[in-house]
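Asker: I have a structure here, written as structure tokens, and I will follow up with some questions on it.
Protein chains: 2
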Amino acid sequence: MSSTPPTDAVTAALLIIGDEILSGRTQDANLSYLADWLGTRGIRLREVRVVPDDQTRIVEAVNALRGAYDYIFTTGGIGPTHDDITADAIAVAFGVEIEHNKDALAVLEDHYQKGEINDARRRMARMPVGAVLIDNPVSRAPGFQIGNVFVLAGIPRVNRAMLDSLSDRLVGGPPMLTRSVGAEVAEGAIAQRLGEIQQTYPGVSIGSYPYYQAESYGVTLVLRAVDSAEIDAAFAEVLDMIKQAGVQPTLDPSNLV
Amino acid sequence: MSSTPPTDAVTAALLIIGDEILSGRTQDANLSYLADWLGTRGIRLREVRVVPDDQTRIVEAVNALRGAYDYIFTTGGIGPTHDDITADAIAVAFGVEIEHNKDALAVLEDHYQKGEINDARRRMARMPVGAVLIDNPVSRAPGFQIGNVFVLAGIPRVNRAMLDSLSDRLVGGPPMLTRSVGAEVAEGAIAQRLGEIQQTYPGVSIGSYPYYQAESYGVTLVLRAVDSAEIDAAFAEVLDMIKQAGVQPTLDPSNLV
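Chains as they are written, first to last, in my numbering: chain A, 119 to 375; chain B, 119 to 375.
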């Protein structure tokens, strides 16, 4: 009954590169932003991997993901220091040479004062042959695209600016619609009926997310679908289910994603 | 020169299961906590994957990870609703039957009032044959361990309580030592010398993390190693490098991870 079979969906994966994420030092701030940003463009984030600054591991992940999804985004490892090895790893993954990209060099030479540019900074222009720049209006050193892989900075402000720069290159599918409702009811008390509603509407993905707070507990139900008639019908049944459980549904726009 | 070759390190991977993470609705809060928690026990988180509520994808990820790392942790998908499919997927990954675990049923029957227990709640006792419970002092429904895979709740408060419950089952390696320092200097100005220091101390992992703030920019340098003499020697050279760049090192304990 799904009006858009999964094979028609435009999909994406995110590869987060960096020891600092795996050590716990840095909390990733790009995943949820990218997921939301893609969602509004009709592209579904379907997998995320986090790997260390290790060429073999990056190559392996890039090649596993770029064959499985329409678009791949990487974050991290494109600065001037020894631990910035993303560009080299991407070149290896694609089986192409790495070079000092002329357009990237021109951007860097324009940005830095005479004498400021050095070998380390020129390193930020190293890109696989065939790479197309992604503009970085924040700190200038560009990201790049090769094939279906977009190589972005990990710093959130730069990451987001680069997404805006590349937005025109993406072709999305139909946007995902969502409906969300909260209820102060135990998840286990509605689980059976909710499963029945899910069975009735296979084109709607129904998620159930319990929460425990100091003074209360309850559940947030999130419906996602492409077809507006189908999501509205399923949502009406969910609201009815909550009322039959003896509580009032909480329609909180802040829950809408 | 590394006193602990990578093959001796005790390693772990995290598999985050849930459409709500991939849609951007929920920001993961377990990764950095787990990374830090494992680090203090001498266990290195080396990979993270996020997959949707899809049995094939969970099975594939569990089997890829459990052969590659010493310990695997999963979060999410162990509640009473139709989208909680982690236990079934883990059973498939291990090629064993799934059953209502007697110990888990006893926990749930003890917790709920008579009449409150229903099929959906009994579902939370469904576990692969051979599973060993992980106590959940917060909301009672237990997690479980099978082989080297620890199956935990996604709700952060429950997740952390379960980690405390299973802590005794883990055997870590030597703890990772860290040193951290900030400097108001452009990353590109120190990159070359930093790379030389990294070459001199292959047993020390040196990470360089730039930041941009409204009034300033700079870099945080993080050193990680098992050998205390080696990390201290490398750190002394890093501090000297910063001073030679004409700025004062900022020793901020809040940066220590």
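Yeah, the Cβ is synthetic: ideal placement off N, Cα and C, and Gly gets one too.
Does P367 (chain A) come within less than 9 Å of chain B when only Cβ atoms are used?
Answerer: Translated into positions along the first sequence, residue 367 (chain A) becomes position 249. False, the Cβ-Cβ gap to chain B never drops below 9 Å.
Asker: Less than 9 Å between the C-beta atoms of A363 (chain B) and I315 (chain B), yes or no?
Answerer: Position 245 of the second sequence holds residue 363 (chain B). Position 197 of the second sequence holds residue 315 (chain B). Their beta carbons are not under 9 Å apart, which means A363 (chain B) does not touch I315 (chain B) by this criterion.
Asker: Thinking C-alpha only, which one of B:S346, B:M245, B:K361, B:N277 is nearest Y300 (chain B)?
Answerer: Stepping through the second sequence from its first residue, residue 300 (chain B) is reached at position 182. A quick correction: the sequence has Gly, not Tyr, at residue 300 (chain B). Ranking B:S346, B:M245, B:K361, B:N277 by Cα distance to G300 (chain B) puts B:K361 first.
Asker: Using a threshold of 9 Å, state whether the C-beta atoms of A243 (chain A) and Q263 (chain A) are closer than that.
Answerer: Within the first sequence, residue 243 (chain A) is the residue found at index 125, counting from 1. Within the first sequence, residue 263 (chain A) is the residue found at index 145, counting from 1. In this structure, Q263 (chain A) does not lie closer than 9 Å to A243 (chain A) by Cβ.
Asker: Helix, strand or coil: how does DSSP classify M359 (chain A) here?
Answerer: Taking the first residue of the first sequence as 1, we reach residue 359 (chain A) at position 241. DSSP places M359 (chain A) in helix when its eight states are reduced to three.
Asker: Give the DSSP bridge partners of G261 (chain A), in chain order.
Answerer: Taking the first residue of the first sequence as position 1, residue 261 (chain A) is located at position 143. A:I252.
Asker: Count the other CB atoms, across all protein chains shown, that sit within 10 Å of the CB of S285 (chain A); report buried if there are 16 or more and exposed otherwise.
Answerer: What you label residue 285 (chain A) is simply residue 167 of the first sequence in a count that begins at 1. By the 10 Å Cβ count, S285 (chain A) comes out exposed.
Asker: Is the distance from the Cβ of L156 (chain B) to the Cβ of G290 (chain B) below 9 Å?
Answerer: Mapped onto the second sequence, residue 156 (chain B) falls at position 38. Mapped onto the second sequence, residue 290 (chain B) falls at position 172. For L156 (chain B) and G290 (chain B), yes; Cβs fall inside 9 Å.
Asker: Closer than 9 Å, CB to CB, is L341 (chain B) near chain A or not?
Answerer: Translated into positions along the second sequence, residue 341 (chain B) becomes position 223. Cβ-Cβ to chain A under 9 Å: no for L341 (chain B).
Asker: Bridge partners of G321 (chain B), per DSSP?
Answerer: The count along the second sequence starts at 1 and reaches residue 321 (chain B) at position 203. Its beta-bridge partners do not exist; DSSP assigns none.
Asker: In angstroms, rounded to a whole number, what distance separates the CA positions of V180 (chain A) and V303 (chain B)?
Answerer: Here the question's residue 180 (chain A) lines up with position 62 in the first sequence. Here the question's residue 303 (chain B) lines up with position 185 in the second sequence. If you take the alpha carbons of V180 (chain A) and V303 (chain B), they lie about 32 Å apart.
Asker: Looking at the structure shown, is S120 (chain B) part of a helix, part of a strand, or coil, going by DSSP?
Answerer: Counting from 1 along the second sequence, the entry for residue 120 (chain B) is found at position 2. Residue confidence for S120 (chain B) is low, a pLDDT of 36 falling below 50, so the modelled location carries little weight; the figure read from the coordinates is stated next. Coil.
Asker: At 3 residues or longer, what runs of the beta strand (DSSP E) sit wholly inside the segment 267-318 of chain B?
Answerer: Correct list: 267-270, 295-301.
Asker: State yes or no: is the beta carbon of E426 (chain A) nearer than 9 Å to at least one beta carbon in chain B?
Answerer: In this structure chain A extends from 119 to 375, so residue 426 (chain A) is not present and cannot be described.
Asker: Just checking, does the segment 165-174 of chain B make contact with the segment 157-172 of chain A on the three C-beta pairs under 8 Å criterion?
Answerer: Counting Cβ pairs under 8 Å, three or more are found: they touch.
Asker: Is it a yes or a no for the segment 265-274 of chain A touching the segment 221-233 of chain A, going by three-plus beta-carbon pairs under 8 Å?
Answerer: The answer is no - the segment 221-233 of chain A does not touch the segment 265-274 of chain A, with fewer than three Cβ pairs under 8 Å.
Asker: So, for R297 (chain A): in the same chain, excluding its five sequence neighbours on each side, which residues have a beta-carbon less than 7 Å away from its beta-carbon?
Answerer: As a first step, residue 297 (chain A) must be located in the first sequence, where it is residue number 179. Answer for R297 (chain A): L341, I349, F353, listed in chain order.
Asker: Give the secondary structure of G157 (chain B) by DSSP, where H, G and I count as helix, E and B as strand, and everything else as coil.
Answerer: Reading the second sequence from its first residue, position 39 is the one you call residue 157 (chain B). In the structure shown, G157 (chain B) sits in a helix (DSSP, three-state: H, G or I).
Asker: Are the CB atoms of M245 (chain A) and N277 (chain A) within a distance shorter than 9 Å?
Answerer: Within the first sequence, the letter at position 159 stands for residue 277 (chain A). Within the first sequence, the letter at position 127 stands for residue 245 (chain A). Going by C-beta atoms, N277 (chain A) is not nearer than 9 Å to M245 (chain A).
Asker: Determine whether the Cβ of N277 (chain B) lies closer than 9 Å to any Cβ atom of chain A.
Answerer: Against the second sequence, residue 277 (chain B) aligns to sequence position 159. Not an interface residue.
Asker: Fully enclosed by the segment 146-194 of chain B, which alpha helix (DSSP H) runs are 4 residues long or longer?
Answerer: The segment 146-194 of chain B contains these whole alpha helix (DSSP H) runs: 149-157, 173-184.
Asker: Quick check: the Cα distance between A207 (chain B) and V177 (chain B), rounded to an integer number of angstroms?
Answerer: As a working note, residue 207 (chain B) is residue 89 in the second sequence. As a working note, residue 177 (chain B) is residue 59 in the second sequence. Taking the straight line from one Cα to the other gives about 6 Å.
Asker: Tell me whether E227 (chain A) sits in a helix, a strand or coil according to DSSP, three-state version.
Answerer: If you number the first sequence from 1, residue 227 (chain A) lands on position 109. Looking at E227 (chain A) - three-state DSSP - the assignment turns out to be helix.
Asker: Return the residue from the list B:I216, B:Q331, B:Y327, B:A131 that minimises the CA-CA distance to S150 (chain B).
Answerer: Against the second sequence, residue 150 (chain B) aligns to sequence position 32. The option with the nearest alpha carbon to S150 (chain B) is B:A131.
Asker: What is the C-beta distance between I196 (chain B) and A209 (chain B), in whole angstroms, given that I count them as a contact (C-beta under 8 Å)?
Answerer: Taking the first residue of the second sequence as position 1, residue 196 (chain B) is located at position 78. Taking the first residue of the second sequence as position 1, residue 209 (chain B) is located at position 91. Not quite, the Cβ-Cβ distance comes to about 13 Å (not below 8 Å), so this is no contact.
Asker: Cβ of I360 (chain B) less than 9 Å from any chain A Cβ?
Answerer: Stepping through the second sequence from its first residue, residue 360 (chain B) is reached at position 242. No, its Cβ sits nowhere closer than 9 Å to a Cβ of chain A.
Asker: Using a 10 Å radius around the Cβ and a threshold of 16 neighbouring Cβ atoms, would you call S138 (chain B) buried or exposed?
Answerer: In the second sequence, the residue the question calls residue 138 (chain B) occupies position 20. Checking the sequence, you will find Glu at residue 138 (chain B) rather than Ser. That one is buried.
Asker: Quick one: grab the DSSP three-state call for S346 (chain A).
Answerer: As a working note, residue 346 (chain A) is residue 228 in the first sequence. Of the three classes helix, strand and coil, the one that applies to S346 (chain A) here is helix, per DSSP.
Asker: Do A222 (chain B) and A182 (chain B) have their CB atoms nearer than 9 Å?
Answerer: Numbered from its first residue, the second sequence carries residue 222 (chain B) at position 104. Numbered from its first residue, the second sequence carries residue 182 (chain B) at position 64. No, the Cβ-Cβ distance between A222 (chain B) and A182 (chain B) is not below 9 Å.
Asker: For Y335 (chain B), which residues of its own chain have a beta-carbon under 8 Å away from its beta-carbon, when the five flanking residues on both sides are left out?
Answerer: For the purposes of this step, residue 335 (chain B) is identified with residue 217 of the second sequence, where counting begins at 1. The answer, listed in chain order, is E302, A304, P328, Y329.
Asker: Beta-carbon within less than 7 Å of L288 (chain A)'s beta-carbon, same chain only, minus the 5 sequence neighbours each way: which residues are those?
Answerer: For the purposes of this step, residue 288 (chain A) is taken as the residue at position 170 of the first sequence. Excluding residues within five positions, the ones whose Cβ falls inside 7 Å are R159, I161, Y189.
Asker: Under 8 Å Cβ to Cβ from L312 (chain B), same chain only, skipping five residues before and after it: list those, please.
Answerer: Sequence index remark: in the second sequence, residue 312 (chain B) carries index 194 (1-based). Excluding residues within five positions, the ones whose Cβ falls inside 8 Å are I324, S326, L339, V356, M359.
Asker: Strictly by DSSP, which residues pair up with M245 (chain B)?
Answerer: Locating residue 245 (chain B) in the second sequence gives position 127, where the first residue counts as 1. Answer is B:E217, bridged to M245 (chain B).
Asker: For H218 (chain B), go through chain A and note every residue whose CB falls closer than 8 Å to its CB, in chain order.
Answerer: Here residue 218 (chain B) is taken as the residue at index 100 of the second sequence, counted from 1. The premise fails here: H218 (chain B) is roughly 15 Å from chain A at the closest Cβ pair, so nothing lies under 8 Å.
Asker: Report the neighbours of D237 (chain B) on chain A: residues whose CB is nearer than 8 Å to its CB, in chain order.
Answerer: Mapped onto the second sequence, residue 237 (chain B) falls at position 119. What D237 (chain B) touches in chain A: Q310.
Asker: In its own chain, which residues sit with a C-beta less than 8 Å from the C-beta of T199 (chain A), not counting the 5 before and 5 after it?
Answerer: Sequence index remark: in the first sequence, residue 199 (chain A) carries index 81 (1-based). Excluding positions up to five away in sequence, the list reads A238.
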